[in-house]
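Heads up: the structure comes next, in structure tokens.
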Amino acid sequence: MSEIQPLALSGLSKAFGGLHAVAGVDLSVRPGERRAIIGPNGAGKTTLFNLISGDLMPSGGRIVLFGHDVTRLPSFRRAALGLARTFQITTLFPSLSVLENMLLAAQALERTKLMFHRPLGSYGHLYARARAVLESVDLAGKEGETAKNLSHGEQRQLEVALALAGRPRLLLLDEPTAGLSPAESQMMAALLRTLDPAITILIIEHDMDVAFGLADHVMVLHNGRVIADGSPEAVKADPLVAEIYLGTD
Amino acid sequence: MPGAARRGGWVVAGLGTAAVLLAAAPLFLSSYPLTLLTQALIYAIFAMSLDILLGYTGLPSLGHAAYFGVGAYAVAILATEFRAGFWTCLVAAVAAAILAGALFGPLAIRAVGTYFLMITLALGMLVWGLAFRWVSVTKGDNGISGLERPTLGPWSFADPTAFYFLSLVTFVVSAACLVVVVRSPFGMSLMGIRESEARMRSLGYNVWLHKYLAFMLAAAFAGVAGFLWAYYNGFVSPVEVQLVTSVEALLMVALGGSGTLVGPALGAGLIVFLKNFVSVYTKRWLLILGGVYICVILFAPGGIIGALKRRPR
Ligand SMILES: Nc1ncnc2c1ncn2[C@@H]1O[C@H](COP(=O)(O)OP(=O)(O)OP(=O)(O)O)[C@@H](O)[C@H]1O
Ligand SMILES: [Mg+2]
Chain A
112 MSEIQPLALS
122 GLSKAFGGLH
132 AVAGVDLSVR
142 PGERRAIIGP
152 NGAGKTTLFN
162 LISGDLMPSG
172 GRIVLFGHDV
182 TRLPSFRRAA
192 LGLARTFQIT
202 TLFPSLSVLE
212 NMLLAAQALE
222 RTKLMFHRPL
232 GSYGHLYARA
242 RAVLESVDLA
252 GKEGETAKNL
262 SHGEQRQLEV
272 ALALAGRPRL
282 LLLDEPTAGL
292 SPAESQMMAA
302 LLRTLDPAIT
312 ILIIEHDMDV
322 AFGLADHVMV
332 LHNGRVIADG
342 SPEAVKADPL
352 VAEIYLGTD
Chain B
80 MPGAARRGGW
90 VVAGLGTAAV
100 LLAAAPLFLS
110 SYPLTLLTQA
120 LIYAIFAMSL
130 DILLGYTGLP
140 SLGHAAYFGV
150 GAYAVAILAT
160 EFRAGFWTCL
170 VAAVAAAILA
180 GALFGPLAIR
190 AVGTYFLMIT
200 LALGMLVWGL
210 AFRWVSVTKG
220 DNGISGLERP
230 TLGPWSFADP
240 TAFYFLSLVT
250 FVVSAACLVV
260 VVRSPFGMSL
270 MGIRESEARM
280 RSLGYNVWLH
290 KYLAFMLAAA
300 FAGVAGFLWA
310 YYNGFVSPVE
320 VQLVTSVEAL
330 LMVALGGSGT
340 LVGPALGAGL
350 IVFLKNFVSV
360 YTKRWLLILG
370 GVYICVILFA
380 PGGIIGALKR
390 RPR
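Chain order of the listed sequences is A and B.
For the first sequence, the numbering used here gives the first residue as 112, with consecutive numbering after it.
For the second sequence, the numbering used here gives the first residue as 80, with consecutive numbering after it.
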């Protein structure tokens, strides 16, 4: 367990034309921290994740990941440093089987992925890893199923499993319960609580029960700015937060 | 699972029968059908190489004839001007095709979807333009003629049966190589790119690199097909690199079933026979080609293999 800071953002910004989706966000995350990011629709939460993951390039500011300045690095290099993410809109390999989805995730950070002369089937450790993670998200019985034929709830579980396969040290979860029924949300929350405490997690979550149940720290984003940051209790009691949530919802 | 095993049995039986029939073909085919079968084998290599891009990686190239043509021209020039032998020509054809792929790849890979289609089309036109205009090297519109079939050690491939076997062996070796690649971790990564580039990137894949390698792999085997074609035809002209040749290859892949390798090989056979059959009666081959394309898209989007796969369930 290194004590290197997993993530530090300074003055991070992203403008889409005239719209400042993320406007000067400073953030420093401790190892092992579980931080929820909440805020109304369009607050800039997903954009913030896209900047951290490298899916979007910032208009300004700096991103330091495990001590490396990654502001201009492509996303695959950030993944190699131990970053993984899930997407708000389920992003699987739809016409591949669940097992193949997991194999792609399991080999992603290994040199194996460039091997072209040996069958994938001969890499037993990848299968072992793929199946172990499927087991941990309760999808063990579904490995032969085509991903697009899974139920929505199962697809969300696979979404998380793909991110876990590479043993990330920093995990970004973008609304893992999006579109789930209350019962399914509870199951997802329980699943997330079983994750290795050494993994640092940032989670965007609309379901307050899930967010506050998992996080030791809550950050509120509004119009691309951080307007509150602290313990769940402190944020709940913040009058500005209450106003924004009452004012916009 | 028993269903899958039964299907696996059918596949093995089908491939075995095909192998026996192909090996025995010269015994029962007269020279014209054997010539067509030779042509089908060459186009099968070409179509399978395109399948790596289109079916596996999800990159719809509309300029794949460029690599086929570069391979064919390399052979034509070396064999006629420099009397180069079999291996020199084979290595040169593949190397030239890979080089063209290595140069064009970065331009094409920058684009996705329709833009990829348009850029590969433009690059294909560029090669066609070169073949047409660079007269000192390519002899322009006249083309390069007088290519003789090669010899290799004690064997001469001048005889149509011997050349058929050369094509068959080359086809089998190419198909085997491509099957190994698509079943490898790298092959799986190409399918991942086809399914979701965004997910591949965030998992940690250098998507650009994988596409680039796929591009050169596809170019290499198109070059192998071009190598055979030059000797088969005895004549290489801008026709080999024209748009129609690229479109025919796309249709072979779509008709047979993209992302299966065996489908595009079947598709190549069908199109070659259809084309030669039809041209006896009419000159409107392009019209028929378009008609077949529309029918495939409308009625069998998964191609022949797609239709077969759906049956047993
Ligand atoms: N690629 C883009 N191009 C232009 N505008 C964008 C783009 N992505 C996001 N936006 C805009 O940026 C703002 C922030 O969007 P973002 O998706 O980050 O919000 P969010 O907090 O994740 O919202 P939600 O809770 O609905 O997921 C929105 O106004 C959105 O319309
Ligand atoms: Mg969002």
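Just so you know, even glycine gets a beta-carbon here, dropped at the ideal spot from N, CA and C.
Answer yes or no: does any C-beta atom of chain A fall closer than 8 Å to that of residue i?
i	result
leucine 366 of chain B	no
serine 337 of chain B	no
proline 380 of chain B	no
tyrosine 284 of chain B	yes
serine 268 of chain B	yes
arginine 189 of chain B	no
phenylalanine 265 of chain B	yes
serine 224 of chain B	no
glycine 134 of chain B	no
serine 246 of chain B	no
lysine 184 of chain B	The sequence given here has glycine at residue 184 of chain B, not lysine. So no, glycine 184 of chain B is outside the interface.
Quick check on DSSP: helix, strand or coil for residue i?
i	result
lysine 125 of chain A	strand
tryptophan 213 of chain B	coil
valine 346 of chain A	helix
valine 154 of chain B	helix
arginine 189 of chain A	helix
serine 206 of chain A	coil
phenylalanine 294 of chain B	helix
phenylalanine 147 of chain B	helix
histidine 236 of chain A	helix
glycine 135 of chain A	strand
valine 315 of chain B	strand
serine 164 of chain A	helix
serine 235 of chain B	strand
histidine 179 of chain A	strand
isoleucine 200 of chain A	coil
arginine 162 of chain B	coil
arginine 189 of chain B	coil
threonine 361 of chain B	coil
glycine 88 of chain B	helix
valine 248 of chain A	coil
glycine 180 of chain B	helix
serine 268 of chain B	helix
Where does residue i land, buried or exposed, given buried means 16+ other C-beta within 10 angstroms?
i	result
tyrosine 122 of chain B	buried
tyrosine 360 of chain B	exposed
glutamate 114 of chain A	exposed
valine 331 of chain A	buried
proline 343 of chain B	buried
asparagine 260 of chain A	exposed
methionine 127 of chain B	buried
Would you verify that the beta carbon of residue i is, or is not, closer than 8 Å to some beta carbon of chain B?
i	result
histidine 228 of chain A	yes
valine 321 of chain A	no
proline 343 of chain A	no
glutamate 246 of chain A	no
tyrosine 238 of chain A	no
aspartate 166 of chain A	yes
proline 169 of chain A	no
arginine 196 of chain A	yes
serine 208 of chain A	no
threonine 257 of chain A	no
glycine 277 of chain A	yes
leucine 118 of chain A	no
phenylalanine 177 of chain A	no
threonine 223 of chain A	yes
proline 205 of chain A	yes
serine 121 of chain A	no
Pop quiz: residue i and residue j are said to be a contact at Cβ under 8 Å. What is the actual Cβ separation, rounded to whole angstroms?
i	j	result
glutamate 211 of chain A	methionine 267 of chain B	7 Å
phenylalanine 28 of chain B	leucine 226 of chain B	The requested residue 28 of chain B is not part of the displayed model; chain B covers only 80 to 392.
threonine 230 of chain B	isoleucine 124 of chain B	Actually they do not touch by this definition, with Cβ atoms about 21 Å apart.
valine 206 of chain B	glycine 148 of chain B	6 Å
leucine 322 of chain B	glycine 203 of chain B	6 Å
alanine 119 of chain A	valine 175 of chain A	4 Å
leucine 162 of chain A	valine 133 of chain A	6 Å
leucine 231 of chain A	serine 263 of chain B	6 Å
leucine 345 of chain B	tyrosine 372 of chain B	Not a contact, Cβ separation roughly 16 Å.
isoleucine 272 of chain B	glycine 137 of chain B	6 Å
arginine 145 of chain A	isoleucine 312 of chain A	5 Å
threonine 240 of chain B	proline 105 of chain B	5 Å
With a threshold of 8 Å between beta-carbons, can residue i be considered close to chain C, or not?
i	result
phenylalanine 187 of chain A	The structure shown contains no chain C; its protein chains are A and B.
Entirely enclosed beta strand (DSSP E) segments - the stretch 256–339 of chain A, minimum 3 residues: Counting only runs that start and end inside the stretch 256–339 of chain A, the beta strand (DSSP E) elements of at least 3 residues fall at 281–285, 311–315, 328–333.
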